[in-house]
Each structure stands twice: as C-alpha cells, then as structure tokens.
Amino acid sequence: KAGVTQTPRYLIKTRGQQVTLSCSPISGHRSVSWYQQTPGQGLQFLFEYFSETQRNKGNFPGRFSGRQFSNSRSEMNVSTLELGDSALYLCASSLGGTSGGETQYFGPGTRLLVL
Amino acid sequence: DAKTTQPPSMDCAEGRAANLPCNHSTISGNEYVYWYRQIHSQGPQYIIHGLKNNETNEMASLIITEDRKSSTLILPHATLRDTAVYYCIVRPHLESYNQGGKLIFGQGTELSVKP
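Below is the structure:
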C-alpha cells in the first residue's frame, strides 16, 4: 500500500506570495492532518480535515487555510507569505475514527523557503 | 503544551539495546502513549503505541509502568540507522468525531547510535 505523498517536495517563494501544498493520504484513510515544523517551535499542529470538513484547528493565523476533496486528498494554502513561514510542512493521514488508538502516518513533507 | 517529558539526548552503542524513557505523570485513564521517530528532515515515522499493557512489534518494545505515569521505548539491537529524534506523545481517546485528532509533539530525545 502506498504511503502518504506530498507535493511539491521543495519550494522557494518570496514574501507576499501565496503557496499551495498538496497531500494524498493512504488509500482508505479519510482524515488528513497538517503540521508545521520549524527549528524554533518544533512540530506544531495546523489543522485536520475529515470528510471534507475541518474537524480540528491549531493556533495559526487565518493566512493558513486548507481544504479536503471528496477523494480525501487535501491541500493547504498559505497567503501573504512571511519569512517566518519557512518550514517543513508535514501531512499525516489516518482512518478518521474516534479511537485514540488510531495511528497517524506522515508523509515526507514539503520544505518551503520564503525569501 | 506537551504532556510528556523526555531527556534531550542519549547515546547508545551499536548492537546494544537503546532504552528511551518518557514521563507522562498527568496521563488520564483513556489516553494512549505513542512513539514516533524522525530521521533528519524526514517525516516522523510511527513506531508503536499502547494503552496499559506492554507492546512489541518488529521495530521496538514499549514498556508502560503499572501506574502509567512513565514508559520506556526499547530498541533491542540499535543500529546506526536508528539515529533519530524520538518523540513520546500522549493522545486521548476521542469521544466524538467533532473532537478530531491531533498530536502534540514535545522536543523529543535525540538518540545517537555510535559504532
């Protein structure tokens, strides 16, 4: 079974631009979560989508948004990029149930550099 | 905030067992203990999880104390490829779909396996 895939793997943008990152979950998984990893803040939860609805949200500004399609693929968008948005953006998928024993599997990440 | 405490770094000799401790003294009865690892700049890799009983899979063993306030991840025969940051995460059982799921990462333990 193929794992979580993320595209693109690397991206360079300039301040003020916007960017869209894509995530394809493991087949059969209905939940997609997004995380941001920076050297200063570590791994932080951005939001989670399940059945095309945002189910959970972290503490990030409104410039960070996402969506999920009917095939469970997800995109996240960052508008008006700032230098501090340079990070590794990780996507994780899971079946989407309510059990705490449900495992999230991560993709390889998209490395975003904002100049 | 992360609900776990881990030593920032540990060393282990190649071929020996690596025992990584985690303190989660405020864990609730329905919360699971998860372990992930992250090899430099890659996506976190799921290792193992447990609720009360000790668990073992092809990668590692998880020992949870009887009072569930701490746990130990054991890599039985560490190799150089096990050098990574190891994260211990406490995750609740979700009561409803609306709660969603998110992982709260701490700083983890940087394990260095040396020849």
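Residue numbers (the working numbering), protein chains in the order written: chain A, 466 to 580; chain B, -5 to 109.
Cβ atoms here follow ideal geometry from the backbone N, Cα and C, with glycine treated the same way.
Just so we're clear, the structure is a prediction, and the values are computed from it rather than from any experiment.
Assuming the contact rule is C-beta atoms closer than 8 Å, Asn521 (chain A) and Glu513 (chain A) should be a hit. Round their C-beta distance to whole Å, please. 4 Å
Would you say Val469 (chain A) and Ala552 (chain A) are within 8 Å of each other, going by their C-beta atoms? Contact: no.
Residues near Arg62 (chain B) in its chain [Cβ-Cβ closer than 7 Å; skip 5 each side]: Ile21 and Lys46
Alpha carbon to alpha carbon, how far is Pro2 (chain B) from Phe99 (chain B)? Give it in angstroms, no decimals. 13 Å
Taking a contact to mean a Cβ-Cβ separation below 8 Å, would you say Leu105 (chain B) touches Ala12 (chain B) in this structure? yes
Residues of chain B with CB closer than 8 Å to the CB of Tyr570 (chain A), please, in chain order. Tyr40
Limits of the unbroken beta strand (DSSP E) element including Ser106 (chain B): Where Ser106 (chain B) is concerned, the enclosing beta strand (DSSP E) stretches over Thr103 to Lys108.
Is there at least one Cβ from chain A nearer than 8 Å to Tyr105 (chain B)'s Cβ? Sequence inspection shows Leu at residue 105 (chain B); the Tyr mentioned does not correspond to that position. Not one chain A Cβ lies under 8 Å of Leu105 (chain B).
Excluding sequence positions up to five away, which residues of its chain have a Cβ less than 6 Å from the Cβ of Ile83 (chain B)? Tyr28 and Leu97
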